[in-house]
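Okay, structure first, notes after.
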Amino acid sequence: MDEQLKALLEGINALKSGQEDMQRSQGKMKNGQEETKERMENLQRSQEETKNELKEGMQKGLEDMQKGQERMQKCQEDLKNALEKKIDNVEEKINSEEEKIALKVEEKIAVVEETIEKKVEKVEERIREQVDERIEEVAENFSQRVEDLEKKLLACEKMNENKFRSTSAVPVSASPVSVKLSTYDGKTNREVYKTQFSIISEANGWTKGVKECQLAASLRG
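Just so we're aligned, residue 1 is where the sequence shown starts under UniProt numbering, counting upward by one.
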């Protein structure tokens, strides 16, 4: 009987001990559930924070990207303005050099023209001198020929006077009408006048001496 009671007490004690162990296990499980719940809440909060951080990061990244694009656009505009300014400077330098070259060319042309004018003047002066010399030479020859013709004319006049005196007693017969020779005016072409003189001398039947006298008279005027 005592052994049964003892065994029963031991069974009750074991049952109580098992209940206590179960209660402790349940407490631990509850604590674990609470810890898990807290961890889940912490994880959710962490996810929310991470999500917000990512969202803020993306927003900031977009803003930074936009600012970068604005800076790039400004840099492109600055570069474009700088290039345009350099191009304008280059064009101004080119125009300035072209003006300088044109001025130098004009100066050289002016020098060449002046040189040519001086040479032309020298040539004209030389030609005038040669013409003057030739005119003087021709004038001297012409004067000499006129003087010779005048001498011949005087001789012809004397000869005609002598003939007139010797034939004054002879009756004068009618002679054919002679063609009159015009006086040389210095403007008519010499070859033309020479041809006219030859025609008139043949028409009048002049001898060589008469031709010389008439030519001298026409040249003397």
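Note that CB positions come from ideal geometry on N, CA and C, so glycine has one too.
Cβ-based burial, residue i [other Cβ within 10 Å; buried from 16]
| i | result |
| --- | --- |
| CYS213 | buried |
| CYS75 | exposed |
| LEU5 | exposed |
| LEU149 | buried |
| ALA7 | exposed |
Residue i and residue j closer than 8 Å at C-beta
| i | j | result |
| --- | --- | --- |
| LYS211 | SER218 | no |
| LYS152 | ALA216 | yes |
Whole-angstrom distance between residue j and residue i, CA atom to CA atom
| i | j | result |
| --- | --- | --- |
| LEU9 | LYS16 | 10 Å |
| VAL112 | ILE87 | 37 Å |
| GLU129 | SER96 | 49 Å |
| LEU54 | MET40 | 20 Å |
| LEU103 | ILE94 | 14 Å |
| THR167 | ILE199 | Legend: pLDDT at THR167 = 47, less than 50; position of this residue unreliable, no value from coordinates given. |
| GLY11 | GLU34 | 34 Å |
| GLU63 | GLN69 | 10 Å |
| PRO176 | THR183 | Summary for PRO176: the model assigns pLDDT 48, below 50, so the residue's position carries little reliability; its value from the coordinates is reported in the next sentence. Their Cα atoms are separated by approximately 22 Å. |
| LYS119 | GLU125 | 10 Å |
| GLU99 | LYS85 | 21 Å |
| GLU27 | GLY18 | First, the amino acid is wrong: residue 27 is Gly here, not Glu. Going by the C-alpha atoms only, they are around 14 Å apart. |
| GLU92 | ALA110 | 27 Å |
| LEU154 | GLN144 | 15 Å |
| ASN52 | ASP21 | 45 Å |
| THR36 | ASN42 | 9 Å |
| ARG24 | SER46 | 32 Å |
Integer-rounded CB distance, given that residue j should sit under 8 Å from residue i
| i | j | result |
| --- | --- | --- |
| CYS156 | GLY209 | 6 Å |
Open item on the list: Report the start-end ranges of each beta strand (DSSP E) in the segment 66 to 103 that is 3 residues or longer and not cut off at the edges.
Closed with: none
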